[in-house]
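Colleague:
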Amino acid sequence: MATPLRSNSRLSTAMERTGQWVFSQEIPTDVIVEVGEANFNLHKFMLVAKSNYIRKLIMETNEADLTRINLSEIPGGPEIFEKAAKFCYGVNFEITVHNVAALRCAAEYLQMTDKYCDNNLAGRTEDFLSQVALSSLSGAVVVLKSCEDLLPMAEELKIVQRCIDVASARACNEASFPCRTPPNWWTEELSILDVELFGRIIGAMKQRGAKPLTIAAALITYAERWLRDLVRDHSGNGIKCSEPIDSDLRIQQRELLESIVQLLPAEKAAFPIHFLCCLLRCAIFLKASSACRNEAEKRISLILEHVTVDDLLVLSFTYDGERLFDLDSVRRIISGFVEKEKSMAVFNGGDFREVSSSAMQRVAKTVDAYLAEIATAVELSISKFNGIANLVPKGARKVEDDLYRAIDVYLKSHPNLDEIEREKVCSSMDPLKLSYEARVHASQNKRLPVQIVLHALYYDQLKLRSGGADDRNQPDAVTTRNQLQADVSLVKENEALRTELLKMKMYISDMQKNNQTGTSSKSVGTRKPTFFSSMSKTLGKLNPFRHGSKDTSHIDDNLGVDVTKPRRRRFSIS
Numbered sequence: 001m002a003t004p005l006r007s008n009s010r011l012s013t014a015m016e017r018t019g020q021w022v023f024s025q026e027i028p029t030d031v032i033v034e035v036g037e038a039n040f041n042l043h044k045f046m047l048v049a050k051s052n053y054i055r056k057l058i059m060e061t062n063e064a065d066l067t068r069i070n071l072s073e074i075p076g077g078p079e080i081f082e083k084a085a086k087f088c089y090g091v092n093f094e095i096t097v098h099n100v101a102a103l104r105c106a107a108e109y110l111q112m113t114d115k116y117c118d119n120n121l122a123g124r125t126e127d128f129l130s131q132v133a134l135s136s137l138s139g140a141v142v143v144l145k146s147c148e149d150l151l152p153m154a155e156e157l158k159i160v161q162r163c164i165d166v167a168s169a170r171a172c173n174e175a176s177f178p179c180r181t182p183p184n185w186w187t188e189e190l191s192i193l194d195v196e197l198f199g200r201i202i203g204a205m206k207q208r209g210a211k212p213l214t215i216a217a218a219l220i221t222y223a224e225r226w227l228r229d230l231v232r233d234h235s236g237n238g239i240k241c242s243e244p245i246d247s248d249l250r251i252q253q254r255e256l257l258e259s260i261v262q263l264l265p266a267e268k269a270a271f272p273i274h275f276l277c278c279l280l281r282c283a284i285f286l287k288a289s290s291a292c293r294n295e296a297e298k299r300i301s302l303i304l305e306h307v308t309v310d311d312l313l314v315l316s317f318t319y320d321g322e323r324l325f326d327l328d329s330v331r332r333i334i335s336g337f338v339e340k341e342k343s344m345a346v347f348n349g350g351d352f353r354e355v356s357s358s359a360m361q362r363v364a365k366t367v368d369a370y371l372a373e374i375a376t377a378v379e380l381s382i383s384k385f386n387g388i389a390n391l392v393p394k395g396a397r398k399v400e401d402d403l404y405r406a407i408d409v410y411l412k413s414h415p416n417l418d419e420i421e422r423e424k425v426c427s428s429m430d431p432l433k434l435s436y437e438a439r440v441h442a443s444q445n446k447r448l449p450v451q452i453v454l455h456a457l458y459y460d461q462l463k464l465r466s467g468g469a470d471d472r473n474q475p476d477a478v479t480t481r482n483q484l485q486a487d488v489s490l491v492k493e494n495e496a497l498r499t500e501l502l503k504m505k506m507y508i509s510d511m512q513k514n515n516q517t518g519t520s521s522k523s524v525g526t527r528k529p530t531f532f533s534s535m536s537k538t539l540g541k542l543n544p545f546r547h548g549s550k551d552t553s554h555i556d557d558n559l560g561v562d563v564t565k566p567r568r569r570r571f572s573i574s
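In our numbering, the protein residues as written are 1 to 574.
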């Protein structure tokens, strides 16, 4: 192949690359084609033979001799134009899945169609698309990926839609009848796409009847690929998010997350709850729209019975694990689940306050364990702690040992609370529902308020009086709740009466002391016996009740008088 004639002007890098295939040494180049910053020194007659667009430019120009053509708007840029020029010169080059879409768009732009010239570039690229590129899922996805920079022309040429149809059909087939390992390899293939094109494939798969779990698998892989630092860190003590929330990266991530949430299938239970919790934490951190957050919260609340303590902790702490997030999302999730359980109980004709489902009991146990984990946070207020604890219905906790543990951890982590504040912390717990071991611990727990300790001790005293000191063999303490409450009220009434009696006794004692003081001031020395006093003593001997009631007003308290009861005598009539 001959070396092309070089002009005195400096050739561009692109022209140096094409110098090997511009084969005419005797005929000098007569046109410079500008594509962006690259210049190509070429021959008009070679370009006109294949490109109707360039022919029109040369024929319709007002210049006597057109020596420069600007094709900067050609799809694919200088690299694709170089291949199109090679095609005009008859030089072989390789068409691949990576460049076929750009070559097809460039052929359309340059009007290098079979209508203008047989076996032109447009026909060659169409054959490759149909026979090679769109014959497999991987090829269709790669072509579709290359179309992201070729819009809207790739859309107008139906390349995008053809790729979507092939990719969605192949993905559904692979999901139902996997032929490669791992079975979900196709989700990795789809995850390279832009979210808009990816969403169109997901929509096409839904129309083809793909199962919700199939759609969920693709969405999970996609989210983990594009939100890797936010979704895959599940521990809560990993990355340091140094990027400001208003940076371009965070804005792109927020838009991406909102798009992913919009693609979630209608089937609420299609996703693992752990993944949904990670999505919600992303939404909270990125300050996503309220619609995005609400959708994630609703999906979590519907399957909350499958939640673990770690899942709830994912929502609660920042990515560095150093501080608590806003706990409002956790409260809304638990509240939504409780409302769902109430609706189901009403529908089934049951009493939600008395009987709770097994799912509600599992959630109650998880919430109590979750409270014990976050109770160590210094910034956790009493209102927020009780707000979460009180969301669980009373009937869902058969035994409140887990809640007691959470309260004890909170009191231990907040040692500066006064008696009233400690009583507020304990207000969400029913001491009568504690197990025997928990009551023994509570009776010796100095961190608890006195009222809770007294409740624990009183319950055990009640069991002792009823003949059973240990209720470990009993079903629970709920069965005796009404009796205990009645006994507690009686104890309170007895205490009130005892207080009133003491007050009355003290009042009478004061009155007697005052009377004795007044009498002693009037009498001086020992009084002489009179007629009336002698008569009183005589009549007193005739009193049949003199042994049962004696006048002791004249006895001095300081004298050593034996006040023991007189020995009863047995009188016989025999």
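Idealized CB from N, CA, C, for every residue including glycine. Predicted, not measured: the structure shown is a model, and the values here were computed from it.
Leucine 448 and leucine 406 - do their beta-carbons sit closer together than 7 Å?
Modeller: Residue numbering aside, residue 406 sits at position 406 when the sequence shown is read from its first letter. Residue numbering aside, residue 448 sits at position 448 when the sequence shown is read from its first letter. Leucine is not the amino acid found at residue 406; the sequence shown has alanine there. No; because the gap between Cβ atoms is not below 7 Å, this pair is not in contact.
Colleague: Can you find the residues in the same chain that come closer than 8 Å, C-beta to C-beta, to alanine 369, ignoring five residues on each side of it along the sequence?
Modeller: In the sequence shown, the residue the question calls residue 369 occupies position 369. Val309, Asp402 and Ala406.
Colleague: I'd like the span of the alpha helix (DSSP H) that includes arginine 225, first residue to last.
Modeller: Along the sequence shown, one-based indexing puts residue 225 at 225. Run containing arginine 225: 212-226, per the alpha helix (DSSP H) assignment.
Colleague: Do leucine 263 and isoleucine 202 have their C-beta atoms within less than 7 Å of each other?
Modeller: Translated into positions along the sequence shown, residue 263 becomes position 263. Translated into positions along the sequence shown, residue 202 becomes position 202. In contact: leucine 263 and isoleucine 202 (Cβ atoms closer than 7 Å).
Colleague: Excluding the 5 residues preceding and the 5 following glycine 123 in the sequence, name in chain order all residues of the same chain whose CB lies nearer than 6 Å to its CB.
Modeller: Here residue 123 refers to the residue found at position 123 when the sequence shown is read from its first residue. If we look at glycine 123 and ignore the five residues flanking it on each side, its Cβ neighbours are Asp114.
Colleague: Taking the alpha-carbon of glycine 77 as reference, which of Pro182, Glu37, Asp65 and Tyr116 has the nearest alpha-carbon?
Modeller: Numbered from 1 along the sequence shown, position 77 holds the residue referred to as residue 77. For the residues Pro182, Glu37, Asp65 and Tyr116, the minimum Cα distance to glycine 77 belongs to Glu37.
Colleague: Per DSSP, which one or two residues make a beta bridge with isoleucine 69?
Modeller: Counted from its first residue, the sequence shown places residue 69 at position 69. Paired residue(s): Val33.
Colleague: Is the beta carbon of tyrosine 507 within less than 6 Å of some heavy atom of the ligand COA?
Modeller: Absence of the ligand COA from the depicted structure is noted, as is the absence of any ligand whatsoever, leaving it without description.
Colleague: Please name the residue in Cys163, Val440, Val307 and Val100 whose C-alpha comes closest to that of alanine 359.
Modeller: On the sequence shown, position 359 is the one that residue 359 refers to. When each option's Cα is compared against that of alanine 359, the closest is Val307.
Colleague: Who are alanine 38's beta bridge partners in DSSP?
Modeller: For this step, residue 38 is matched to residue 38 along the sequence shown. DSSP, once it has assigned bridges, lists Val35 as partnering alanine 38.
Colleague: Going by C-alpha to C-alpha distance, which of Phe271, Lys384 and Leu134 sits closest to leucine 213?
Modeller: Sequence index remark: in the sequence shown, residue 213 carries index 213 (1-based). Minimum Cα distance to leucine 213 is reached at Phe271.
Colleague: Looking only at its chain, what residues have a beta carbon closer than 6 Å to the beta carbon of alanine 364, apart from the 5 residues adjacent to it on each side?
Modeller: Taking the first residue of the sequence shown as position 1, residue 364 is located at position 364. Here the set comprises Val392, Ala396 and Arg397.
Colleague: So isoleucine 27 and arginine 68 are supposed to be a Cβ contact under 8 Å. How far apart are they, rounded?
Modeller: Here residue 27 is taken as the residue at index 27 of the sequence shown, counted from 1. Here residue 68 is taken as the residue at index 68 of the sequence shown, counted from 1. Not quite, the Cβ-Cβ distance comes to about 18 Å (not below 8 Å), so this is no contact.
Colleague: Taking contact to mean 3 or more Cβ pairs, one atom from each stretch, closer than 8 Å, check whether the segment 123-139 and the segment 52-59 are in contact.
Modeller: No, the segment 123-139 does not touch the segment 52-59.
Colleague: Quick one: using the 10 Å Cβ neighbour count with 16 as the cut-off for buried, is glutamine 512 buried or exposed?
Modeller: The residue given as residue 512 occupies position 512 in the sequence shown. Exposed, because fewer than 16 other Cβ atoms sit within 10 Å of the Cβ of glutamine 512.
Colleague: What's the gap between the Cα of methionine 1 and the Cα of leucine 42?
Modeller: In the sequence shown, counting from the first residue as 1, residue 1 sits at position 1. In the sequence shown, counting from the first residue as 1, residue 42 sits at position 42. For methionine 1, the pLDDT reaches just 32, beneath the cut-off of 50, and the residue's location in the model is therefore unreliable, although a value from the coordinates is still provided. Approximately 16 Å between the Cα atoms of the pair.
Colleague: Taking one C-beta from the segment 90-104 and one from the segment 138-154 each time, how about it: are there three or more such pairs within less than 8 Å?
Modeller: Segments in contact, yes.
Colleague: Checking 7 Å against the spacing of the C-beta atoms, do serine 428 and alanine 389 come in under that value?
Modeller: Working through the sequence shown from its first residue, we reach residue 428 at position 428. Working through the sequence shown from its first residue, we reach residue 389 at position 389. The answer is yes: Cβ separation under 7 Å.
Colleague: Can you tell me whether DSSP reads leucine 324 as helix, strand or coil?
Modeller: For the purposes of this step, residue 324 is identified with residue 324 of the sequence shown, where counting begins at 1. Here leucine 324 sits in strand by DSSP.
Colleague: Does the Cβ-Cβ distance between alanine 216 and isoleucine 159 come in under 7 Å?
Modeller: Here residue 216 refers to the residue found at position 216 of the sequence shown. Here residue 159 refers to the residue found at position 159 of the sequence shown. No, the pair does not count as a contact, with Cβ atoms beyond the cut-off.
Colleague: Taking leucine 221 as the reference, which of Ala204, Phe385, Ala210 and Leu193 has the closest Cα?
Modeller: Here residue 221 refers to the residue found at position 221 of the sequence shown. The sequence given here places threonine at residue 221; leucine does not occur at that position. Closest option to threonine 221, Cα to Cα, is Leu193.
Colleague: What are the residues that DSSP puts in a beta bridge with phenylalanine 198?
Modeller: Mapped onto the sequence shown, residue 198 falls at position 198. Answer is none; phenylalanine 198 lacks a bridge partner.
Colleague: In angstroms with no decimal places, state the Cα-to-Cα distance between asparagine 514 and lysine 433.
Modeller: As a working mapping, residue 514 is identified with position 514 in the sequence shown. As a working mapping, residue 433 is identified with position 433 in the sequence shown. If you take the alpha carbons of asparagine 514 and lysine 433, they lie about 53 Å apart.
Colleague: Just to confirm, is the Cβ distance from valine 35 to leucine 71 under 7 Å?
Modeller: Looking up residue 35 in the sequence shown gives position 35. Looking up residue 71 in the sequence shown gives position 71. Contact: yes.
Colleague: Thinking just about the alpha-carbon of each residue, which of Leu304, Lys384 and Leu302 is nearest to the one in aspartate 326?
Modeller: One-based indexing of the sequence shown puts residue 326 at position 326. With distances taken between Cα atoms, aspartate 326 lies closest to Lys384.
Colleague: Closest by CA to cysteine 88, which one among Val425, Met46 and Arg362?
Modeller: In the sequence shown, the residue the question calls residue 88 occupies position 88. Per the Cα distances, Met46.
Colleague: What does a CB cutoff of less than 6 Å around lysine 268 pick up in its chain, not counting 5 residues either side in sequence?
Modeller: By one-based count along the sequence shown, residue 268 stands at place 268. Result list for lysine 268: Arg299 and Leu302, in chain order.
Colleague: Determine which residues share a DSSP beta bridge with phenylalanine 317 and list them.
Modeller: Position 317 of the sequence shown holds residue 317. Its beta-bridge partners are Leu324.
Colleague: What residue does the alpha helix (DSSP H) around alanine 575 start on, and which one ends it?
Modeller: Summary: the structure shown does not reach residue 575, with the chain confined to residues 1 through 574, and so no result is reported for it.
Colleague: Return yes when the Cβ of serine 259 is within less than 7 Å of the Cβ of valine 195, no when it is not.
Modeller: Reading the sequence shown from its first residue, position 195 is the one you call residue 195. Reading the sequence shown from its first residue, position 259 is the one you call residue 259. Yes, the pair counts as a contact, with Cβ atoms nearer than the cut-off.
Colleague: Quick one: grab the DSSP three-state call for isoleucine 251.
Modeller: Start at 1 with the first residue of the sequence shown, and residue 251 comes out as number 251. Three-state DSSP puts isoleucine 251 in a helix.
Colleague: If you draw a straight line from the C-alpha of leucine 502 to the C-alpha of histidine 441, how long is it?
Modeller: By 1-based counting over the sequence shown, the position of residue 502 is 502. By 1-based counting over the sequence shown, the position of residue 441 is 441. Near 35 Å, if we compare the C-alpha coordinates of histidine 441 and leucine 502.
Colleague: Report the residue ranges of all alpha helix (DSSP H) runs contained in full by the segment 71-135; include only those spanning at least 4 residues, in chain order.
Modeller: Entirely contained in the segment 71-135, the alpha helix (DSSP H) runs reaching 4 residues are, in chain order, 77-89, 100-109 and 121-131.
Colleague: Taking the C-alpha atoms as reference points, what is the distance between glycine 236 and alanine 377?
Modeller: Position 236 of the sequence shown, counted from the first residue, corresponds to residue 236. Position 377 of the sequence shown, counted from the first residue, corresponds to residue 377. Note on glycine 236: pLDDT 45, under 50, position unreliable in the model; no value is reported.
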